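Residue 44 is where the sequence shown starts when you use our numbering, and the numbers rise one by one after that.
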Amino acid sequence: MALLDSAVVFVLSLLIGTIAILAGVRLILDTDAGVANAALTALIGAIVWAVVSYFVGWIPLLGILLMLLAWIGVINWRYPGGWGTAAAIGFVAWIVAIAIAYALAMVGIVAPEAIGIPGV
Numbered sequence: 044m045a046l047l048d049s050a051v052v053f054v055l056s057l058l059i060g061t062i063a064i065l066a067g068v069r070l071i072l073d074t075d076a077g078v079a080n081a082a083l084t085a086l087i088g089a090i091v092w093a094v095v096s097y098f099v100g101w102i103p104l105l106g107i108l109l110m111l112l113a114w115i116g117v118i119n120w121r122y123p124g125g126w127g128t129a130a131a132i133g134f135v136a137w138i139v140a141i142a143i144a145y146a147l148a149m150v151g152i153v154a155p156e157a158i159g160i161p162g163v
């Protein structure tokens with residue numbers, strides 16, 4: 044059962060991350076980002092976040108900042124516009140992901156901590 048739970052959390056997290064990044068790109072870049080590109084960005088971003096977290100996540104404040112910088116770096120690599128644009132996309136994505144996670148938690152579908160959104 045734990046494997047099934049983990050798979051559901053992974054799929055749900057990827058779906059929320061995809062929607063959030065897609066919203067951020069469409070709002071900030073004012074362009075059609077493409078669902079596949081947003082999904083790949085969400086997947087790569089989650090992997091990079093996990094790897095950086097493994098190595099430096101234990102360092103107070105600096106670890107979190109490095110993890111966030113790495114995640115924004117993935118967005119910067121995947122979309123045009125530079126670091127400022129990537130940070131703006133990341134901020135919008137984070138807000139959208141929080142809203143989706145909150146909505147899902149309010150209707151009892153998931154617990155907010157199961158979603159894996161940075162800072163939630």
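Ideal Cβ positions, reconstructed from N, Cα and C, are used throughout, including at glycine.
It should be emphasised that the depicted structure is a prediction, and the values quoted were computed from it without experimental measurement.
### Query
How is the alpha helix (DSSP H) around I107 delimited, first residue to last?
Counting along the chain, the alpha helix (DSSP H) containing I107 begins and ends at L105 to R121.
### Query
Do G124 and L72 have their C-beta atoms within less than 9 Å of each other?
yes
### Message
Which residue marks the beginning of the alpha helix (DSSP H) containing A154, and which one marks its end?
### Response
Per DSSP, A154 belongs to no alpha helix (DSSP H) and is neither H nor E.
### Message
Check for me: the alpha helix (DSSP H) holding L55 runs from which residue to which?
### Response
A45 to I71
### Message
One question on the structure: do A45 and A136 come within less than 9 Å of each other, judged by their Cβ atoms?
### Response
no
### Query
Looking at the unbroken alpha helix (DSSP H) that takes in G88, where does it start and where does it end?
V78 to V99
### Message
I need the DSSP call for G133, collapsed to helix, strand or coil.
### Response
For G133, the secondary structure class from DSSP, reduced to helix, strand or coil, is helix.
### Message
Once DSSP output is grouped into helix, strand and coil, what is the label at I102?
### Response
coil
### Task
Give a yes or no on whether 9 Å exceeds the smallest Cβ distance from W101 to chain B.
Annotation note: the requested chain B is absent from the structure, which comprises a single protein chain.
### Query
How many Å lie between S96 and I152 at the Cα?
A straight-line Cα-Cα distance of about 27 Å links S96 and I152.
### Query
Do A140 and A63 have their C-beta atoms within less than 9 Å of each other?
yes
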